[in-house]
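What follows is a single structure, written as structure tokens, with notes after it.
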Amino acid sequence: MVSLGLEDKVIVVTGGNRGIGAAIVSLLTDLGAKVAYTDLAATNPKGLGIVADVTKLESMEEAARKIEAELGPVYGIVANAGITRDNFFAKLTPEDWDMVINVNLKGVNHTIKPFIEGMYERQAGSIVCISSISGDRGNAGQTNYAATKAAVIGLVKSLAREAARYNIRANAIAPGFINTEMTLAIPEKVRDKITAEIPFRRFGEPDDIAWATAYLLSPVASSYVSGEVLRVNGAHHT
Ligand code: NDP
Numbered sequence: 001m002v003s004l005g006l007e008d009k010v011i012v013v014t015g016g017n018r019g020i021g022a023a024i025v026s027l028l029t030d031l032g033a034k035v036a037y038t039d040l041a042a043t044n045p046k047g048l049g050i051v052a053d054v055t056k057l058e059s060m061e062e063a064a065r066k067i068e069a070e071l072g073p074v075y076g077i078v079a080n081a082g083i084t085r086d087n088f089f090a091k092l093t094p095e096d097w098d099m100v101i102n103v104n105l106k107g108v109n110h111t112i113k114p115f116i117e118g119m120y121e122r123q124a125g126s127i128v129c130i131s132s133i134s135g136d137r138g139n140a141g142q143t144n145y146a147a148t149k150a151a152v153i154g155l156v157k158s159l160a161r162e163a164a165r166y167n168i169r170a171n172a173i174a175p176g177f178i179n180t181e182m183t184l185a186i187p188e189k190v191r192d193k194i195t196a197e198i199p200f201r202r203f204g205e206p207d208d209i210a211w212a213t214a215y216l217l218s219p220v221a222s223s224y225v226s227g228e229v230l231r232v233n234g235a236h237h238t
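Numbering (full-length UniProt numbering), first residue to last: 1 to 238.
Spelled out as structure tokens, the structure:
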């Protein structure tokens, strides 16, 4: 019998109340990890739910204090919370630009920052940031979103280089189109067009991303993997 080595590891997932984040919380819990999640609401019964807003550093610092007091020192971070405010670039409002930057990019910084020094001291840990196919190859109507998701890849690659000396790994996952509330907003006509472009001819499921996350968190399965972007997209490459 082998295991991913996540038993009793304390792992924090942002945006864990629903969608991909909830699937990650559920799988990590089933793999024996002690899981906490943060979100704007905390109704997911799996894991320790803490209401916190990733756009606010103080809110995430307070969440970090609560999580470590309740569960112990954090080993793993999954920066998953994200939003879309889609529009063509010429029509994109400054508010929608800022809101997406605040959640998807500043939010990742606010998620990692409160934990990083402790992780360095303990010399053990893994950070996984959820990027997107849009950040990797661009997507019409998503200049704001794609900019943040590409930036997260740059953040991860740089952090991986800085953190290696402390035995901390940082990786990104770039999901393709996944069935969640986020993609339910896509009009049916556009959805059909996207599906026709995907070699698997279907959207992925939140569990597909949860398993990729578990792999990248695992000190057993991925101990020499850092600064990587794992594409989980049904062969929907450029
Ligand atoms: P959902 O919209 O289903 O879930 C996102 C979660 O993040 C929600 O629970 C939401 O809370 C939470 N959230 C939003 N804003 C904040 C905030 N300020 N602070 C804390 N939590 C917040 O999205 P998905 O599960 O589909 O997406 C998860 C991640 O995967 C995102 O980063 C997304 O960009 C990425 N992704 C998704 C893809 C897809 O096809 N679904 C494809 C590629 C990447 P609330 O319910 O209150 O809004």
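From the three backbone atoms N, C-alpha and C, an ideal C-beta is built for every residue, glycine too.
Taking the beta carbon of residue 206 as the centre, do at least 16 other beta carbons fall within 10 Å, making it buried, or is it exposed? buried
Which first and last residues belong to the alpha helix (DSSP H) in which residue 128 is found? Per DSSP, residue 128 belongs to no alpha helix (DSSP H); it is in the beta strand (DSSP E), 125 to 130.
Rounded C-alpha distance that separates residue 54 from residue 99: Distance between the alpha carbons of residue 54 and residue 99 is about 11 Å.
Measuring from the CB of residue 115, is there a heavy atom of the ligand NDP at a distance below 7 Å? no
Am I right that residue 178 and residue 67 are in contact with their C-beta atoms under 8 Å? What's the rounded C-beta distance? Not a contact, Cβ separation roughly 26 Å.
Just verifying my parser: in three-state terms, what is the DSSP assignment at residue 21? helix
Any chance the stretch 126 to 139 sits against the stretch 64 to 82, with 3 or more Cβ pairs inside 8 Å? yes
Is the CB-CB distance between residue 172 and residue 218 below 8 Å? no
Cutting at 6 Å between CB atoms, please list the residues of its own chain near residue 38, excluding the five before and the five after it. Scanning its chain for C-beta atoms nearer than 6 Å, with the 5 sequence neighbours on each side dropped, one finds around residue 38 the residues 14, 50, 52 and 63, in chain order.
Consult DSSP for residue 107 and reduce its assignment to one of helix, strand or coil. helix
Apart from the five residues just before and just after residue 211, which ones in its own chain have a Cβ nearer than 8 Å to its Cβ? 27
CB-CB under 7 Å to residue 221, same chain, minus the five flanking residues each way: which ones, in chain order? 4 and 215
Under 8 Å between C-beta atoms of residue 70 and residue 48: yes
So, at 8 Å on beta carbons, what are the nonlocal neighbours of residue 237 in its own chain, with the 5 sequence-adjacent residues on each side left out? 137 and 231
For residue 230, which three-state DSSP category applies? Strand.
Helix, strand or coil at residue 240 [DSSP, three-state]: Residue numbering for the chain in the displayed model covers 1 to 238; residue 240 lies beyond these limits and cannot be assessed.
For the ligand NDP, any of its heavy atoms closer than 7 Å to the Cβ of residue 140? Checking every heavy atom of the ligand NDP against the Cβ of residue 140, none is found closer than 7 Å.
Round the Cβ separation of residue 110 and residue 193 to the nearest angstrom and send it over; I've been treating them as touching at under 8 Å. So it is not a contact: roughly 36 Å between Cβ atoms.
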